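First comes the structure, then the notes that go with it.
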Amino acid sequence: MGRLTETEKAQLLEEMWDTKKVILVCGRHKIAPGPDHDSPKPFSGCRDCWQVYWTRTVARIPPGERREWLEKIWATLRVMTEMVEKGTWDYQPFAHPKVLEKDDGNGDVSDD
Ligand SMILES: [Zn+2]
Numbered sequence: 172m173g174r175l176t177e178t179e180k181a182q183l184l185e186e187m188w189d190t191k192k193v194i195l196v197c198g199r200h201k202i203a204p205g206p207d208h209d210s211p212k213p214f215s216g217c218r219d220c221w222q223v224y225w226t227r228t229v230a231r232i233p234p235g236e237r238r239e240w241l242e243k244i245w246a247t248l249r250v251m252t253e254m255v256e257k258g259t260w261d262y263q264p265f266a267h268p269k270v271l272e273k274d275d276g277n278g279d280v281s282d283d
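This note's numbering applies: residue 172 is where the sequence shown begins, and numbers increase by one.
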């Protein structure tokens, strides 16, 4: 990330004090990994980095598109699992992952 302009600095400071806004960061690495090309990438094997990454990713998906995206995420997880099993990726998966999914009957998926 390059230097911030004065306008960008003011905008960031304003956002920091917005009580309706939540900023997720990895407590260990002090970064906010996300899907944007200019977002920092999660540290391999860091549970908190990946939690922030996926939370930010899912939060951006419009409710009506969540089913399609969830299927894409499942496909990605299958590929990741295969890579770990083949030893071609150094990511350390959780020994007992817990994935929650709730379908509200309208084709939307949420975790509440
Ligand atoms: Zn981390």
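No residue lacks a Cβ here, since even glycine has one placed at the ideal position from N, Cα and C.
Small disclaimer: the values here were computed from a predicted structure and weren't measured.
Query, Result
"On the three-state DSSP scale, how would you describe proline 234?", "helix"
"Buried or exposed for arginine 249, going by 16 or more other Cβ atoms inside 10 Å?", "exposed"
"Could you check if proline 206 belongs to the surroundings of ligand 1, using beta carbon to heavy atom distance under 8 Å?", "no"
"Which residues in the same chain have their Cβ closer than 6 Å to the Cβ of threonine 228, if we skip the five residues on either side of it in sequence?", "Pro206"
"Where histidine 200 and proline 211 are concerned, what is the direct C-alpha to C-alpha distance, given to the nearest angstrom?", "11 Å"
"Is it the case that the region 216-227 contacts the region 177-187, given that we only count it when at least three CB pairs across the two stretches are under 8 Å?", "no"
"Does arginine 237 pass the burial test, meaning 16 or more other C-beta atoms within 10 Å, or should it be called exposed?", "buried"
"Please report the distance separating the alpha-carbon of tryptophan 260 from that of proline 213.", "14 Å"
"Hey, is arginine 227 close to ligand 1, as in C-beta under 8 Å from one of its heavy atoms?", "no"
"Does the distance from the C-beta atom of valine 223 to that of valine 255 stay below 9 Å?", "no"
"Kindly list the residues whose CB is nearer than 6 Å to the CB of glutamate 253, restricted to its own chain and excluding five residues on each side of it in sequence; keep chain order.", "none"
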